[in-house]
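Written below as structure tokens is the structure these notes are about.
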């Protein structure tokens, strides 16, 4: 036998002994696959059996079935809520349109007293009670109110300009009235002065008349006296 053959035989023997040792170790430490499931498991132990695996598989299958059914139920609930959300979103957009331009079916009213459904959501189908303004009339949409405010603002500006114009006219008339009052006062003073002079002249005329009568009467007396004295000039 050659040296190479001896080496190969020795190598084959060593490998065979190793495989034999590994096989014996695996067989000695094999798990109890076919043993029944243990009712009690100690700390640090992790027994594995076909019964336990089957039970785990059944439990996982049941959980998967329940999860699948729950997923289907939740999917239907989600789809229902998504549809409800889309419907309510349209109604919210409609409400926003009312808030801007008013609800034609309610005479242009833009705002309504909120009502709620039994589940606590805003009842978007209830638009029966309108919100009223300070004039006890339905409050219009914001665009309508803005137009009204714009119109009122223009009227206020126009009224302010008219008031300013009237104030200037009032000032002008006040100046004329003051001038007229001054003229009346001066005319009153002139009238009083003329009346006083008139009274003075009237009294002077009376005095002149009385003096003339006195002189005439005295002359007559003197003439009569001269006649008595037989002296006639």
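Residue numbers (this note's numbering): 182 to 414.
The beta-carbon is built from N, C-alpha and C at its ideal position, and this holds for glycine as well.
Note that the structure is a prediction, hence the values are computed from the model and not measured.
- In the DSSP assignment, residue 290 falls outside any alpha helix (DSSP H), carrying neither H nor E.
- Following the DSSP letters along the chain, one finds residue 308 in no alpha helix (DSSP H), marked with neither H nor E.
- For the beta strand (DSSP E) assignment, the stretch 344 to 378 encloses no uninterrupted run of at least 3 residues.
- Taking C-beta atoms as the reference points, residue 305 and residue 269 count as a pair closer than 8 Å.
- For residue 300, no alpha helix (DSSP H) encloses it, and the DSSP letter there is neither H nor E.
- Boundaries of the alpha helix (DSSP H) harbouring residue 258: 231 to 282, taken from the DSSP string.
- Residue 343 places its beta carbon 8 Å or farther from that of residue 281.
- Of all alpha-carbon atoms in 341, 261, 319, 185, the one lying nearest the alpha-carbon of residue 285 is that of 319.
- The secondary-structure analysis by DSSP pairs residue 319 across a beta bridge with 313.
- Contact between residue 302 and residue 295 does not hold, since the beta-carbon distance rounds to 11 Å and is not under 8 Å.
- Beta-carbon to beta-carbon, residue 289 and residue 321 are separated by about 5 Å, close enough to satisfy the 8 Å threshold.
- Distance from the CA of residue 297 to the CA of residue 235, rounded to the nearest whole angstrom, comes to 53 Å.
- Ranked by Cα distance from residue 327, the options 283, 254, 353 are led by 283.
- By the neighbour-count criterion, in which a residue is buried when 16 or more other Cβ atoms sit within 10 angstroms of its Cβ, residue 308 is buried.
- In this structure, residue 311 and residue 292 form a Cβ contact; the two beta carbons are roughly 7 Å apart against a cut-off of 8 Å.
- In the same chain as residue 248, and ignoring 5 residues on each side of it, no C-beta atom comes closer than 8 Å to its own.
- Cα atoms of residue 316 and residue 256: separation of roughly 51 Å, rounded to the nearest angstrom.
- Secondary structure at residue 183: coil, using DSSP grouped into helix, strand and coil.
- A straight line joining the alpha-carbon of residue 366 with that of residue 357 spans about 14 Å.
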